[in-house]
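Heads up, the thing below is written out as structure tokens.
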Ligand SMILES: NC(=O)c1ccc[n+]([C@@H]2O[C@H](COP(=O)([O-])OP(=O)(O)OC[C@H]3O[C@@H](n4cnc5c(N)ncnc54)[C@H](O)[C@@H]3O)[C@@H](O)[C@H]2O)c1
């Protein structure tokens with residue numbers, strides 16, 4: 077069977093690490109030309125090199141998704157280089173420190189997390205959708221979390237990921253008849269650098285693993301497969317969906 081992403085142009089924010097890196101590689105293996113965006117230049121270039129090593133095509137764009145000027149120039153680079161944008165994974169994100177319940181959370185942490193995880197996703201979608209409207213369609217996947225559906229004591233992160241689900245549904249409704257599908261992935265706890273502070277001792281790791289009926293952490297590749305599928309024509313009737321990729325976390 078031909079690859080679903082053959083000749084498509086796929087943009088991945090936060091493509092220098094973890095889930096974004098795995099998704100950039102998965103898109104490249106599936107035949108897409110990949111734009112890796114990250115604020116971390118070294119890691120972003122390393123992902124491009126890994127794609128080149130498997131004979132894939134990729135470019136790197138330095139971008140902070142919380143800055144309008146960076147997001148605009150990121151989309152301009154995609155269009156200047158490839159002429160269109162078929163698939164976008166708005167994945168860049170951060171997490172607040174472990175002890176950050178609502179009343180204890182410093183305002184600057186709230187603003188930073190919301191600025192990247194929620195406003196950043198909105199900014200990327202705004203300029204991606206403007207391009208997709210011009211070209212007559214496209215597919216977007218936003219990075220939410222199981223904490224976009226269920227609560228947790230990390231207040232800003234939980235709020236941002238719930239916001240991403242709402243924003244995803246809103247945009248899906250606005251553009252459903254314009255050929256643009258908008259979905260979200262809601263991963264459980266995935267073994268990436270973002271999770272390191274939360275699994276720094278074996279008791280903490282066991283507590284987190286126990287939240288997942290499958291009995292382990294997820295891998296970045298397991299999330300990547302879902303994103304590539306949601307962006308593919310195989311998912312042509314799927315929009316406004318928040319897809320759990322969570323080892324059963326949300327089924328409990
Ligand atoms: N790891 C998990 O358990 C988990 C679970 C659910 C959801 N997620 C979400 O998945 C996404 C990716 O997380 P990950 O686990 O791969 O983390 P990660 O830390 O491994 O990778 C995040 C990447 O985003 C980049 N980034 C951060 N802020 C940025 C900004 N302002 N502009 C551009 N790039 C920026 C980082 O440089 C890094 O390369 C995040 O949105 C995260 O909230 C992760």
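Residue numbers (the working numbering): 77 to 328. Note that the Cβ used here is the ideal one computed from N, Cα and C, for glycine as well. Just so we're clear, the structure is a prediction, and the values are computed from it rather than from any experiment.
So, with DSSP's three-state summary, where would you put residue i?
i, result
"residue 318", "strand"
"residue 229", "coil"
"residue 236", "helix"
"residue 323", "coil"
"residue 269", "helix"
"residue 103", "helix"
"residue 181", "coil"
"residue 263", "strand"
"residue 138", "strand"
"residue 79", "coil"
"residue 187", "helix"
"residue 152", "helix"
"residue 89", "strand"
Inspect the beta-carbon positions of residue i and residue j and report whether they are closer than 8 Å.
i, j, result
"residue 81", "residue 113", "no"
"residue 291", "residue 219", "no"
"residue 287", "residue 325", "yes"
"residue 261", "residue 222", "no"
"residue 164", "residue 87", "yes"
"residue 236", "residue 189", "yes"
"residue 274", "residue 266", "no"
"residue 172", "residue 230", "yes"
"residue 146", "residue 215", "no"
Is residue i a contact residue of ligand 1, with contact defined as CB to any heavy atom under 7 Å?
i, result
"residue 149", "no"
"residue 255", "no"
"residue 116", "yes"
"residue 145", "no"
"residue 268", "yes"
"residue 153", "no"
"residue 332", "No answer is possible for residue 332: the residues shown for the chain start at 77 and end at 328."
"residue 199", "no"
"residue 171", "yes"
"residue 141", "yes"
"residue 278", "no"
"residue 296", "yes"
Report the CB separation of residue i from residue j in whole angstroms; it is logged as a contact under 8 Å.
i, j, result
"residue 203", "residue 151", "4 Å"
"residue 321", "residue 298", "6 Å"
"residue 130", "residue 105", "7 Å"
"residue 243", "residue 304", "That pair is no contact at about 22 Å."
"residue 259", "residue 306", "5 Å"
"residue 240", "residue 187", "With 8 Å as the limit, residue 240 and residue 187 do not qualify as a contact, their Cβ atoms being about 17 Å apart."
"residue 213", "residue 155", "About 15 Å separates the two Cβ atoms, so there is no contact after all."
Compare the C-beta of residue i against all C-beta atoms of chain B and say whether one is closer than 8 Å.
i, result
"residue 237", "The structure shown contains no chain B; it is built from a single protein chain."
Exercise. So, do the region 91-109 and the region 123-138 have three or more beta carbon pairs nearer to each other than 8 Å?
Worked result: yes
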